[in-house]
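Residue numbers (this note's numbering): 367 to 594. Don't be surprised by glycine CBs; every beta carbon is placed ideally from N, CA and C. Working notes for the structure below.
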(Lines of atoms letter the chains of each structure in order from A; the text may use other names.)
(Lines give C-alpha, C1' and ligand atoms only; values in the text may rest on other atoms or scores of the structure.)
Protein backbone atom coordinates (compact mmCIF):
# COMPACT_ATOMS: atom_id res chain seq x y z
CA UNK A 367 0.00 0.00 0.00
CA UNK A 368 1.41 3.38 -1.00
CA UNK A 369 0.56 6.13 1.46
CA UNK A 370 2.99 8.88 0.52
CA UNK A 371 5.33 11.07 2.54
CA UNK A 372 4.13 13.73 4.98
CA UNK A 373 5.67 16.54 7.02
CA UNK A 374 4.75 17.39 10.60
CA UNK A 375 5.56 20.79 12.15
CA UNK A 376 4.89 22.32 15.57
CA UNK A 377 2.25 24.92 16.27
CA UNK A 378 3.39 27.95 18.19
CA UNK A 379 0.32 29.06 20.06
CA UNK A 380 -0.25 32.75 20.61
CA UNK A 381 2.04 33.75 23.49
CA UNK A 382 2.01 37.54 23.78
CA UNK A 383 5.47 39.03 24.02
CA UNK A 384 6.30 41.37 26.93
CA UNK A 385 7.27 43.97 24.31
CA UNK A 386 3.99 43.63 22.40
CA UNK A 387 3.11 47.24 23.20
CA UNK A 388 6.02 48.33 20.99
CA UNK A 389 5.09 46.17 18.00
CA UNK A 390 2.50 48.48 16.35
CA UNK A 391 5.39 50.64 15.09
CA UNK A 392 8.91 49.80 14.02
CA UNK A 393 12.05 51.17 15.63
CA UNK A 394 12.41 54.02 13.16
CA UNK A 395 8.85 55.22 13.83
CA UNK A 396 9.36 55.19 17.60
CA UNK A 397 12.60 57.14 17.21
CA UNK A 398 10.85 59.71 15.01
CA UNK A 399 8.09 60.17 17.57
CA UNK A 400 10.38 60.26 20.60
CA UNK A 401 13.38 62.13 19.25
CA UNK A 402 11.82 64.32 16.57
CA UNK A 403 8.10 64.90 17.06
CA UNK A 404 8.14 65.40 20.83
CA UNK A 405 11.28 67.51 20.82
CA UNK A 406 10.14 69.59 17.85
CA UNK A 407 6.75 70.27 19.40
CA UNK A 408 8.25 71.16 22.78
CA UNK A 409 10.87 73.58 21.52
CA UNK A 410 8.48 75.14 18.99
CA UNK A 411 5.88 75.89 21.66
CA UNK A 412 8.54 77.14 24.08
CA UNK A 413 10.31 79.25 21.46
CA UNK A 414 7.18 81.03 20.21
CA UNK A 415 5.86 81.54 23.74
CA UNK A 416 9.21 82.97 24.81
CA UNK A 417 9.21 85.49 21.95
CA UNK A 418 5.57 86.44 22.34
CA UNK A 419 4.80 89.57 24.43
CA UNK A 420 1.76 87.74 25.80
CA UNK A 421 4.02 85.20 27.44
CA UNK A 422 5.58 87.71 29.83
CA UNK A 423 4.35 88.41 33.34
CA UNK A 424 5.04 91.73 35.02
CA UNK A 425 5.96 91.14 38.63
CA UNK A 426 7.28 93.49 41.30
CA UNK A 427 11.05 93.43 41.65
CA UNK A 428 13.57 95.39 43.70
CA UNK A 429 12.78 99.05 44.41
CA UNK A 430 9.11 98.35 43.56
CA UNK A 431 9.82 98.25 39.83
CA UNK A 432 7.80 96.12 37.40
CA UNK A 433 10.17 93.54 35.91
CA UNK A 434 8.86 91.50 32.92
CA UNK A 435 9.52 87.78 33.35
CA UNK A 436 8.59 84.85 31.16
CA UNK A 437 6.17 82.60 33.05
CA UNK A 438 6.27 79.62 30.67
CA UNK A 439 9.37 77.50 31.33
CA UNK A 440 10.77 74.59 29.31
CA UNK A 441 9.71 72.10 31.99
CA UNK A 442 6.14 73.33 31.78
CA UNK A 443 6.30 72.94 28.00
CA UNK A 444 7.41 69.31 28.32
CA UNK A 445 4.63 68.76 30.84
CA UNK A 446 1.91 70.00 28.50
CA UNK A 447 3.33 68.04 25.52
CA UNK A 448 3.33 64.78 27.46
CA UNK A 449 -0.08 65.49 29.00
CA UNK A 450 -1.60 66.05 25.57
CA UNK A 451 0.07 62.95 24.12
CA UNK A 452 -1.26 60.66 26.85
CA UNK A 453 -4.55 62.57 27.16
CA UNK A 454 -3.97 62.88 30.90
CA UNK A 455 -6.40 64.84 33.06
CA UNK A 456 -3.77 66.90 34.87
CA UNK A 457 -3.32 70.60 35.52
CA UNK A 458 -1.30 72.36 32.82
CA UNK A 459 -0.38 75.98 32.13
CA UNK A 460 -1.55 76.85 28.65
CA UNK A 461 0.59 79.21 26.56
CA UNK A 462 -0.70 82.75 26.02
CA UNK A 463 0.87 83.60 22.67
CA UNK A 464 -1.23 82.99 19.54
CA UNK A 465 1.51 81.11 17.67
CA UNK A 466 2.35 78.97 20.71
CA UNK A 467 -1.35 78.10 21.13
CA UNK A 468 -1.52 77.21 17.43
CA UNK A 469 1.49 74.88 17.78
CA UNK A 470 -0.10 73.29 20.84
CA UNK A 471 -3.27 72.58 18.88
CA UNK A 472 -1.23 71.09 16.04
CA UNK A 473 0.48 68.79 18.54
CA UNK A 474 -2.91 67.82 19.96
CA UNK A 475 -4.13 66.87 16.48
CA UNK A 476 -1.02 64.76 15.94
CA UNK A 477 -1.53 63.06 19.32
CA UNK A 478 -5.13 62.15 18.46
CA UNK A 479 -4.14 60.58 15.12
CA UNK A 480 -1.12 58.83 16.63
CA UNK A 481 -3.13 57.31 19.49
CA UNK A 482 -5.89 56.18 17.12
CA UNK A 483 -3.42 54.36 14.85
CA UNK A 484 -1.51 52.92 17.79
CA UNK A 485 -4.65 51.61 19.51
CA UNK A 486 -5.94 49.98 16.32
CA UNK A 487 -2.63 48.28 15.58
CA UNK A 488 -2.14 47.23 19.19
CA UNK A 489 -5.49 45.43 19.22
CA UNK A 490 -4.38 43.39 16.20
CA UNK A 491 -1.02 42.48 17.76
CA UNK A 492 -2.57 41.47 21.08
CA UNK A 493 -4.84 38.86 19.48
CA UNK A 494 -3.42 35.38 20.08
CA UNK A 495 -2.95 33.39 16.91
CA UNK A 496 -1.48 30.03 15.99
CA UNK A 497 1.72 30.12 14.00
CA UNK A 498 3.54 27.34 12.21
CA UNK A 499 5.80 26.78 9.21
CA UNK A 500 3.47 26.64 6.20
CA UNK A 501 5.30 24.15 3.97
CA UNK A 502 3.92 23.22 0.56
CA UNK A 503 5.74 19.88 0.52
CA UNK A 504 9.13 18.42 -0.32
CA UNK A 505 9.33 20.85 -3.25
CA UNK A 506 9.10 23.80 -0.86
CA UNK A 507 12.33 25.87 -1.27
CA UNK A 508 12.93 25.72 2.49
CA UNK A 509 13.07 21.92 2.19
CA UNK A 510 14.46 21.33 -1.30
CA UNK A 511 17.15 24.04 -0.96
CA UNK A 512 17.68 24.36 2.80
CA UNK A 513 21.02 26.17 2.64
CA UNK A 514 19.58 28.97 0.50
CA UNK A 515 17.48 30.31 3.40
CA UNK A 516 18.59 31.94 6.64
CA UNK A 517 17.96 30.67 9.18
CA UNK A 518 17.75 27.22 7.65
CA UNK A 519 15.00 24.88 8.83
CA UNK A 520 16.00 21.95 10.97
CA UNK A 521 14.25 18.83 9.68
CA UNK A 522 14.99 15.13 9.57
CA UNK A 523 13.61 11.63 9.18
CA UNK A 524 14.39 8.08 10.30
CA UNK A 525 17.53 6.77 8.53
CA UNK A 526 17.35 3.55 6.51
CA UNK A 527 13.59 3.89 6.19
CA UNK A 528 11.50 4.01 3.01
CA UNK A 529 11.16 7.77 3.39
CA UNK A 530 14.92 8.11 3.75
CA UNK A 531 15.49 6.04 0.60
CA UNK A 532 12.94 8.09 -1.35
CA UNK A 533 14.58 11.36 -0.35
CA UNK A 534 18.04 10.00 -1.18
CA UNK A 535 16.85 8.97 -4.65
CA UNK A 536 14.86 12.05 -5.68
CA UNK A 537 16.01 14.85 -3.32
CA UNK A 538 19.73 14.46 -2.81
CA UNK A 539 20.42 17.98 -1.49
CA UNK A 540 17.92 17.97 1.41
CA UNK A 541 18.80 14.33 2.12
CA UNK A 542 22.45 15.20 2.65
CA UNK A 543 21.52 18.25 4.75
CA UNK A 544 19.06 16.47 7.04
CA UNK A 545 21.47 13.69 8.02
CA UNK A 546 22.58 15.75 11.03
CA UNK A 547 18.97 16.05 12.27
CA UNK A 548 17.76 12.48 11.73
CA UNK A 549 16.18 10.59 14.62
CA UNK A 550 16.31 6.90 15.38
CA UNK A 551 12.54 6.46 15.74
CA UNK A 552 9.40 8.18 14.57
CA UNK A 553 8.33 8.94 18.14
CA UNK A 554 11.67 10.61 18.80
CA UNK A 555 11.21 12.74 15.68
CA UNK A 556 7.73 13.90 16.70
CA UNK A 557 8.97 14.62 20.23
CA UNK A 558 11.82 16.70 18.81
CA UNK A 559 9.29 18.76 16.87
CA UNK A 560 7.23 19.31 20.03
CA UNK A 561 10.27 20.35 22.07
CA UNK A 562 11.59 22.69 19.37
CA UNK A 563 14.73 20.70 18.55
CA UNK A 564 13.40 20.22 15.01
CA UNK A 565 11.30 22.53 12.88
CA UNK A 566 9.83 19.67 10.86
CA UNK A 567 9.89 15.89 10.66
CA UNK A 568 9.35 13.91 7.44
CA UNK A 569 8.00 10.38 7.40
CA UNK A 570 5.26 8.09 6.12
CA UNK A 571 1.91 9.88 6.07
CA UNK A 572 -0.12 7.14 7.75
CA UNK A 573 2.25 6.82 10.68
CA UNK A 574 2.45 10.56 11.22
CA UNK A 575 -1.32 10.88 10.89
CA UNK A 576 -1.78 8.39 13.72
CA UNK A 577 0.82 10.03 15.97
CA UNK A 578 -0.59 13.50 15.36
CA UNK A 579 -4.07 12.32 16.33
CA UNK A 580 -2.71 10.80 19.53
CA UNK A 581 -0.71 13.88 20.48
CA UNK A 582 -3.58 16.22 19.61
CA UNK A 583 -5.91 14.25 21.87
CA UNK A 584 -3.74 14.72 24.95
CA UNK A 585 -1.97 18.03 24.27
CA UNK A 586 -4.70 20.11 22.61
CA UNK A 587 -3.35 19.95 19.05
CA UNK A 588 0.19 21.39 19.39
CA UNK A 589 1.36 20.10 15.98
CA UNK A 590 0.30 20.63 12.40
CA UNK A 591 0.05 17.75 9.91
CA UNK A 592 0.81 18.46 6.25
CA UNK A 593 0.32 15.58 3.85
CA UNK A 594 2.28 15.79 0.63
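Residue i, enclosing beta strand (DSSP E) - first and last residue
i	result
residue 536	Premise fails: residue 536 lies in the alpha helix (DSSP H), 528-536, not in any beta strand (DSSP E).
Selected residue, minimal CA-CA separation from residue i, among the options
i	options	result
residue 543	458, 501, 480, 519	519
residue 413	399, 461, 486, 445	461
residue 439	451, 458, 479	458
residue 371	546, 515, 505	505
residue 475	451, 536, 409, 396	451
residue 513	393, 556, 449, 540	540
residue 563	577, 576, 522	522
residue 486	465, 387, 376	387
residue 389	534, 532, 445, 489	489
residue 468	415, 515, 507, 441	415
residue 565	516, 499, 574	499
residue 531	570, 553, 554	570
residue 345	567, 578, 480, 479	No answer is possible for residue 345: the residues shown for the chain start at 367 and end at 594.
residue 396	480, 535, 511, 579	480
residue 551	573, 533, 449	573
residue 456	445, 464, 463	445
residue 533	517, 553, 510	510
residue 441	470, 409, 576	409
residue 470	501, 527, 503, 405	405
residue 449	508, 398, 477, 472	477
Strand pairing of residue i, partner residues [DSSP]
i	result
residue 392	Bridge partners of residue 392: none, in fact.
residue 521	566
Residue i, enclosing alpha helix (DSSP H) - first and last residue
i	result
residue 502	First-last for residue 502: undefined, no H or E at that position.
residue 398	Counting along the chain, residue 398 falls outside any alpha helix (DSSP H), and DSSP gives it neither H nor E.
residue 558	552-561
residue 384	Unbroken run through residue 384: none, as it is neither H nor E.
residue 418	That residue, residue 418, is in no alpha helix (DSSP H); it is neither H nor E in DSSP.
residue 508	507-510
Integer-rounded CB distance, given that residue j should sit under 8 Å from residue i
i	j	result
residue 556	residue 374	6 Å
residue 549	residue 558	6 Å
residue 447	residue 401	With 8 Å as the limit, residue 447 and residue 401 do not qualify as a contact, their Cβ atoms being about 13 Å apart.
residue 385	residue 411	Actually they do not touch by this definition, with Cβ atoms about 31 Å apart.
residue 376	residue 560	6 Å
residue 418	residue 466	6 Å
Suppose only complete runs of 3+ residues qualify. What are the beta strand (DSSP E) ranges in the segment 432-482, listed by chain order?
432-436
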